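Peer 1:
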Amino acid sequence: MIVEDEVTMPNRELTARRLMWIVWPAFVVAAAAELAFFSVVDPLDLHVFGAPLEMSRQAIYTLGFFGFWAVGMASSALTLFLEQPAHDDDAADAELPSDNPRR
Amino acid sequence: MTQLDTPTIPIRPVSPEPAADGDDVGLYEIRRKIYPRAITGRFRNWRVAIVIATQVVYYGLPWLWWNDRQAVLFDLAARKFYIFGIVFWPQDVIYLSVLLILCAFSLFLFTAVAGRLWCGFACPQTVYTEIFLWIERKIEGDRQARMKVDAAPASPAKVARKSAKHMLWIVLALWTGYTFVGYFTPIGDLGERALALNLVGWETFWILFYAFATYGNAGWMREQVCKYMCPYARFQSVMFDKDTLIIAYDAGRGEPRGSRSKKIDPKAAGMGDCVDCNICVQVCPTGIDIREGLQYECIGCTACIDGCDQVMDRFGYPRGLIRYASTTSLAQGMTRRQIWRRVLRPRTLVYSALLLIIAAAAGVSLALKSPLKVDVARDRGALAREASPGVIENVYRVQIMNMAEIPRQFRITAEGLPGIGVVGLVQPVKVDAASAKLIPLRLQVAQGAAAPGLHKVELLIEAVDDPAIVRRENTTFILPRP
């Protein structure tokens, strides 16, 4: 449920937010990619490993959409991953010897 | 006139940080459920009218008929889009791009003139939230009643009300999903097969997917979609300028705010016109206080204007403490007329001109769109061969696309070399309505008709019933050395 109150755990919120950051932009991009790709390419012209796909056009459109979405999600997830600092400065500094100037 | 750069009220074009109240913990935002209070008023009437208009079009359009077929059908299976009298083929994808460009420029124009008109009135997120909220109100009551129900412990009555609400939401969402798929596959047929539980997998999937998105977005997510998911909400500020009409609280008139009796004269008591009733906050679907200035959460729905006007009426104060106003007009105290004159400024004029030019060009191009398209390609096999002694033959693959919705017959002739002729083809060629036909075409020329080498020739494809429908296609003819 999305109804929140004061006692909701922030971590769950953050996880939900991160999932949204991964899934949602990928969805928007997948919709655009689907439109652009299939307006110029006829699904029935596609060949996989040299053989034509034995599926209806609608099935290929649907699969194509999820393919684009998956690629977009992978990209978003990687962006989110790289966006985080490589190490937590405060935590790392706390482990340094007390005479280290970085502390 | 005073200078433009002195804002007298604290309007912030955009505030990326959430307001610092107790609910926000850094990055994490704990959402407080928003219970928008129902409101009546002139803007609300506009919003209801637009909700009804858009939904009549959305739910109704797939049921209209034209030329014995669905009037608007994006037939993905056949890769043909039917929009009333026009059939779009994949080759017409340019019109789709033009349409997207027109939408983008319209959005720029409307935003420059009056802020987030799209968000407040026409965006499906707003429209479906309005409809879902309306159902919610009918079943659970208005703001106070809903807050009470939610705070109360579980009881059979509460469960019954909540289930009824969700059932109605789900039914509406499923109908919305069904309508959506009905734009891509004939809707009547789709309905019959849905009732017989005989849908193809992808149809079932997209109906459920779209229904789920509608239910989730309009029932649960609501303002969060605008606040966290919509890119437009984040970049709208670049389309704003000082003359853009935004929903603004006139702080100069309202402050210092405070509750008071209707009888006192606020001026004498040293008070502004804001009675601090908080109606503007209670009606807000995104839960902001417009008195803090323009915020990126504001979707421009105008509910606060209606709410405040009612209170002003009750107190006998002039309306418009919260109103559509530009930053400049608030700073300079402009009259309505002056504000409207500022709507015509270089930015909006340029957007309008571009819109008109692109729309006119697209309109002309659509009107002149030929109902016949032809693709000619040389056969990939032999370049030229001797068909009989002294006669050279070249072979082509010709695709004739009859874009019209009537079957047509076409005659093919060739020009460009002495004695060139089409052979072995049953003329005229019949092509069904709105379909394409691929034919192998053989052209023959006598060996000595021209010097050996590559020659330009022209194919003429002409409709039998209408000589105005004609295409000339260039190709080449190869005469080998004898």
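Line order of the protein sequences matches chains F and R. Just so we're aligned: 30 in numbering that gives the first Met the number 0 is position 31 of the first sequence, and the numbers increase by one with no gaps anywhere. Just so we're aligned: 220 in numbering that gives the first Met the number 0 is position 221 of the second sequence, and the numbers increase by one with no gaps anywhere. Note that beta-carbon positions come from the ideal geometry of N, C-alpha and C, so glycine has one too. Since the structure is predicted, the reported quantities are computational estimates derived from the model, not experimental observations.
1) With DSSP collapsed to three states, give me the class of residue 24/R.
2) Just the chain F side, please: which residues come within less than 7 angstroms of residue 379/R by C-beta, in chain order?
3) Starting from the C-beta of residue 473/R, find all residues in its chain whose C-beta is less than 7 angstroms away, skip the five residues before and the five after it, and write them out in chain order.
4) Counting only Cβ-Cβ distances shorter than 8 angstroms, please list the residues of the segment 58 to 79 of chain F near chain R, keeping chain order.
5) How is the alpha helix (DSSP H) around residue 177/R delimited, first residue to last?
6) Counting along the chain, where does the beta strand (DSSP E) carrying residue 422/R start and finish?
7) For a minimum of 4 consecutive residues, which ranges assigned as the alpha helix (DSSP H) are wholly contained in the segment 191 to 279 of chain R?
8) Start and end of the alpha helix (DSSP H) containing residue 150/R?
9) How big is the Cα-Cα spacing for residue 83/R and residue 293/R?
10) Straight-line CA distance for residue 376/R to residue 440/R?
11) Less than 8 angstroms between the beta carbons of residue 478/R and residue 419/R, yes or no?
12) Taking residue 439/R as part of the beta strand (DSSP E), name the residues at either end of that continuous run.
13) Is it right to say residue 71/F is buried, meaning 16 or more other beta carbons lie within 10 angstroms of its own, or is it exposed?
14) So, at 8 angstroms on beta carbons, what are the nonlocal neighbours of residue 243/R in its own chain, with the 5 sequence-adjacent residues on each side left out?
15) Taking DSSP as the reference, what is the three-state secondary structure of residue 298/R?
16) Taking C-beta pairs closer than 8 angstroms, name the residues in chain R that residue 41/F reaches, listed in chain order.
17) Quick one: which unbroken alpha helix (DSSP H) runs of 4-plus residues sit fully inside the segment 281 to 331 of chain R? Chain order, please.
18) Locate the beta strand (DSSP E) running through residue 54/F, then write down its first and last residues.
19) Between the C-alpha atoms of residue 28/R and residue 174/R, what's the straight-line distance to the nearest angstrom?
20) Using the Cβ count rule (16 or more neighbours within 10 Å means buried), how would you classify residue 20/R?
21) Could you check where the alpha helix (DSSP H) with residue 105/R kicks off and where it finishes?
22) In chain F, what lies closer than 9 angstroms to residue 106/R by C-beta?
23) Closer than 7 angstroms, Cβ to any Cβ of chain R: which residues of the segment 9 to 38 of chain F, in chain order?
24) Just confirm the distance between the C-beta atoms of residue 449/R and residue 417/R, as a whole number of angstroms; I'd bet it's less than 8 angstroms.
25) Give me the residue from 296/R, 39/R, 336/R and 59/R with the minimum Cα distance to residue 223/R.
26) Can you tell me whether residue 305/R is buried or exposed? The criterion is at least 16 other CB atoms within 10 Å of its CB, across all chains shown.
27) Please tell me whether residue 228/R has its Cβ less than 8 angstroms away from any Cβ of chain F.
28) Considering only residues of the same chain and omitting the five flanking positions on each side of residue 118/R, which have a CB-CB separation below 7 angstroms?
29) Among 219/R, 101/R and 328/R, which residue has its Cα nearest to the Cα of residue 128/R?
30) Would you list the one or two residues that DSSP bridges to residue 408/R?
31) For chain R, find out if any of its Cβ atoms is closer than 8 angstroms to the Cβ of residue 85/F; answer yes or no.
32) So for residue 57/R, helix, strand or coil by DSSP?
33) Does chain F have any CB closer than 8 angstroms to the CB of residue 201/R?
34) If you reduce the DSSP assignment to three classes, tell me which class residue 73/R lands in.
35) I'd like to know if residue 211/R contacts chain F, where contact means its C-beta is closer than 8 angstroms to some C-beta of that chain.
36) Which residues of chain F have a Cβ atom closer than 8 angstroms to the Cβ of residue 204/R, listed in chain order?
Peer 2: Let me lay it out:
1) For residue 24/R, the pLDDT reaches just 36, beneath the cut-off of 50, and the residue's location in the model is therefore unreliable, although a value from the coordinates is still provided. DSSP places residue 24/R in strand when its eight states are reduced to three.
2) Chain-ordered listing is empty here: chain F has no CB closer than 7 angstroms to the CB of residue 379/R, the nearest sitting near 16 angstroms.
3) Apart from the 5 residues on each side of it in sequence, residue 473/R sits with its Cβ closer than 7 angstroms to the Cβ of 455 and 457 in its chain, given in chain order.
4) Cβ contacts with chain R: 58, 60 and 61.
5) Residues 155 to 181.
6) Note, residue 422/R: beta strand (DSSP E), 420 to 422.
7) Complete alpha helix (DSSP H) runs here, min 4: 200 to 213, 230 to 234 and 250 to 253.
8) Where residue 150/R is concerned, the enclosing alpha helix (DSSP H) stretches over 142 to 150.
9) Distance between the alpha carbons of residue 83/R and residue 293/R: 43 angstroms.
10) Going by the C-alpha atoms only, they are around 10 angstroms apart.
11) No, the Cβ-Cβ distance between residue 478/R and residue 419/R is not below 8 angstroms.
12) Start and end: 434 to 445.
13) In this structure residue 71/F is buried. Its beta-carbon is surrounded by 16 or more other beta-carbon atoms within 10 angstroms.
14) If we look at residue 243/R and ignore the five residues flanking it on each side, its Cβ neighbours are 110, 111, 112, 113, 114, 325 and 326.
15) Three-state DSSP puts residue 298/R in coil, outside helix and strand.
16) In chain order: 78 and 89.
17) Runs of the alpha helix (DSSP H) inside the segment 281 to 331 of chain R: 302 to 314 and 326 to 331.
18) For residue 54/F, there is no enclosing beta strand (DSSP E), as DSSP marks it with neither H nor E.
19) Caution applies to residue 28/R, whose pLDDT of 47 falls short of 50 and renders its modelled position unreliable; the model cannot decide the point.
20) Residue placement at residue 20/R cannot be trusted, given a pLDDT of 42 that sits under 50; what the coordinates show is reported in the next sentence. Using a 10 angstroms sphere on the CB of residue 20/R, the tally of other CB atoms stays under 16, which defines it as exposed.
21) Its alpha helix (DSSP H) spans residues 92 to 113.
22) The premise fails here: residue 106/R is roughly 16 angstroms from chain F at the closest Cβ pair, so nothing lies under 9 angstroms.
23) Listed by position along the chain: 9, 12, 13, 19, 23 and 38.
24) Under the criterion of beta carbons closer than 8 angstroms, residue 449/R and residue 417/R qualify as touching, at roughly 7 angstroms.
25) Closest option to residue 223/R, Cα to Cα, is 296/R.
26) Flag for residue 305/R reads buried.
27) For residue 228/R, the answer is yes, since a Cβ of chain F falls inside 8 angstroms of its Cβ.
28) 125, 225, 298 and 299, listed in sequence order.
29) Checked all of 219/R, 101/R and 328/R; the closest Cα to residue 128/R is 219/R.
30) Residue pairing by DSSP places residue 408/R opposite 429/R in a beta bridge.
31) Residue 85/F is outside the set of residues whose beta carbon lies under 8 angstroms from a beta carbon in chain R.
32) DSSP places residue 57/R in helix when its eight states are reduced to three.
33) Yes, residue 201/R lies at the interface with chain F (some Cβ there is under 8 angstroms from its Cβ).
34) In this structure, DSSP gives residue 73/R an extended state, which the three-state scheme calls strand.
35) Any Cβ of chain F closer than 8 angstroms to the Cβ of residue 211/R would place that residue at the interface, and such an atom is absent.
36) For a Cβ distance threshold of 8 angstroms, residue set 61 of chain F lies close to residue 204/R, ordered along the chain.
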